[in-house]
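Just so we're aligned: the sequence shown equals residues 410 to 834 in the numbering used here. Cβ atoms here follow ideal geometry from the backbone N, Cα and C, with glycine treated the same way. Remember, predicted model here, so these are calculated numbers, not experimental data. Scroll down for the structure; my scribbles are underneath it.
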Amino acid sequence: MNILILGSGGREHAFAYKIAQSPLCKNLFVAPGNAGTASIATNVAIEVLEFEKLGKFALENQIEIILVGPEVPLVAGIVDYFKEEKSLSKIAVIGPDRIGAQLEGSKDFSKQFMNKYGIPTAASRTFTASELTEGLAYLDTHSTPIVLKADGLAAGKGVIITSSIAEAKATLKEMLADKKFGEASSKVVIEQFLDGIELSVFALSDGINYVVLPEAKDYKRIGEGDTGPNTGGMGAVSPVPFANNEFMAKVHSQVIVPTMEGLKSEGINYVGFVFFGLIKVGDKPFVIEYNARMGDPETEVVIPRLENDLVEILVATAAKKLNEITIKTNPLTATTLMLVAGGYPEAYHKGLEISGLENIKEVHAFHAGTKLSDGKIVTNGGRVVALTALGNSITDALAKSNTAAQQVTWQGRYYRTDIGKDLLK
Ligand code: AMP
Ligand code: GLY
């Protein structure tokens, strides 16, 4: 069958790499893709929000499955668009519809959902622009640190954590009154700070059944030792030692099951990935956020450990037969290091030639922000390439990823050398 992947990051390159190995896939397309996807699939110059063009392309190329990578087209209703257009309604779009995607698209929606279904999460209150005065008064009574979250999508920048009540008040004003994040901050969730260690857990739902994929730990801060501003993710490790059977049993019973049952109770036909952004406080799991997609760079460590045929899994998802799938996981450890542009997550240069990709051994380079320019691979984003290795241990896999990271370079490239080291203690 012919398959189309939407997106252009390391996550989409990892999906493409896995799907390209499947005997069930005849032609694989990625829209818009990057230099990495171009080497194993056909890139299509259509952006992820150009639904009409995507629909036309899908019909012309007999696409049977569309796998949606990022959240933006899901929140904008790509699934609804394909369902409502008669000629497109037979194409299986893997991702939740507009309402299901609200789990990620609205922090207030996800908070209400978690509270309704008894899913452990930080205590919170939501304020709208007309409730600014109440919000400011509420902050006076709040313990510190304080977490403020813009309700809508804000490209990973919508969460502010501060120990200063004055700063929290200024931020609340900026978000609600000055619309710092546009419509996304027309509501703000103020929540309790949870002190613990983060874990990313993934399920894939067909609306009735679901499977759980390998878990991963992501490293969001730019600097060594988890310091500095947040990024999209600087590296990842899977499996995660503290996510042992006992802890994962709690995640299952307290988080995954009530989420899946809650979605059904709400009448949401959730088809697609649910990303549970968890924090382990003591020995208890709490949900920090849901995402309506796979994580990036988590996918770059989850997919290499998945032994199943991904196309078989996607077909079963579309047919609502995930109960027939047993996930098989490679017991090896996967680590990935994200090489980023100098300056990221602030301003950075694009178009710099990348060298050394041809020299790396035993490591897979999943391209994120890259493109082909005059036959050369050049940088085209902040996060540029994720180097994934498999090994017998975290130390073993990290050694391979690190060796490769030294070889792949361009002007100003940066990466963290401490990814995974906290898990060795
Ligand atoms: P989010 O966009 O909701 O994932 O938040 C971004 C990051 O902020 C998370 O990955 C956490 O590191 C941090 N964070 C969010 N909410 C909380 C919280 N309630 N307590 C502590 N840290 C948080
Ligand atoms: N790595 C975190 C995310 O994909 O949101």
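Taken through DSSP and simplified to helix, strand or coil, H776 comes out as strand. In this structure the region 563-570 does not lie against the region 538-548, because fewer than three pairs of beta carbons, one per stretch, are closer than 8 Å. In the DSSP secondary-structure assignment, D615 is bridged to V680. For L468 and F460, the gap between their C-alpha atoms comes out near 12 Å. Counting only runs of 3 or more residues that sit fully inside the region 423-480, the beta strand (DSSP E) segments are 436-441 and 472-477, in chain order. Screening all residues for a C-beta within a distance smaller than 5 Å of any heavy atom in ligand 2 leaves D627, G642, G704 and D705, in chain order. Look at A531 here: in three-state DSSP terms it is coil, with no helix or strand label. Residue E716 holds the alpha-carbon nearest to the alpha-carbon of S431 among I828, E762, E716 and K770.
Using a Cβ distance threshold of 9 Å, F611 and F684 count as a contacting pair.
The continuous stretches of beta strand (DSSP E) do not include G486, and DSSP gives it neither H nor E. K737 has its CB no nearer than 8 Å to any heavy atom of ligand 1. As the crow flies, the alpha-carbon of V453 is around 6 Å from that of V439. Distance from the CA atom of Q820 to the CA atom of G751, rounded to whole angstroms, is 8 Å.
For Y699, the enclosing beta strand (DSSP E) stretches over residues K693 to N700.
Judged by DSSP in its simplified three-state form, I665 adopts helix. Non-local C-beta neighbours of K659 in its own chain, meaning closer than 8 Å and more than five positions away in sequence, comprise D692, K693 and P694, ordered along the chain. Here the region 668-682 makes contact with the region 521-541; the two share three or more CB pairs at distances below 8 Å.
S448 and L723 have their alpha carbons spaced roughly 22 Å apart. A450 and G442 do touch by the CB rule: their CB atoms are close to 7 Å apart, below 8 Å. Taking one beta carbon from each stretch, the region 546-562 and the region 503-517 have 3 or more pairs nearer than 8 Å; the two touch.
For E698, the shortest separation between its Cβ and any heavy atom of ligand 1 lies below 8 Å.
Secondary structure at K659: helix, using DSSP grouped into helix, strand and coil. For N524, there is no enclosing beta strand (DSSP E); the enclosing alpha helix (DSSP H) has its first and last residue at K516 to K525.
Remark: the shortest separation between the CB of F602 and any heavy atom of ligand 1 falls under 8 Å.
For T446, the CB contacts under 8 Å within the same chain, skipping 5 residues up- and downstream, are I414, S417, E421, H422, A425, V439, N452 and H776 in chain order. Under the DSSP assignment, K830 falls outside any beta strand (DSSP E); it carries neither an H nor an E label. Put simply, the backbone Cα of T640 is about 31 Å away from that of D718. Out of L608, K435, P505 and K582, the CA that lies nearest to the CA of N653 is found in L608. For the 9 Å CB-CB criterion, T738 and R702 do not form a contact. Distance from the Cα of L761 is smallest, within the candidate group D783, E771 and A625, for D783.
Annotated as distal: V690 and T745, with beta-carbon spacing of 9 Å or more.
N801 and M643 have their alpha carbons spaced roughly 22 Å apart. The continuous stretches of alpha helix (DSSP H) do not include S647, which lies in the beta strand (DSSP E) extending over residues G644 to S647. For A563, no beta strand (DSSP E) run applies, since DSSP gives it neither H nor E.
It is roughly 15 Å from the alpha-carbon of A743 to the alpha-carbon of D827.
If you draw a straight line from the Cα of L796 to the Cα of V597, it is about 36 Å long.
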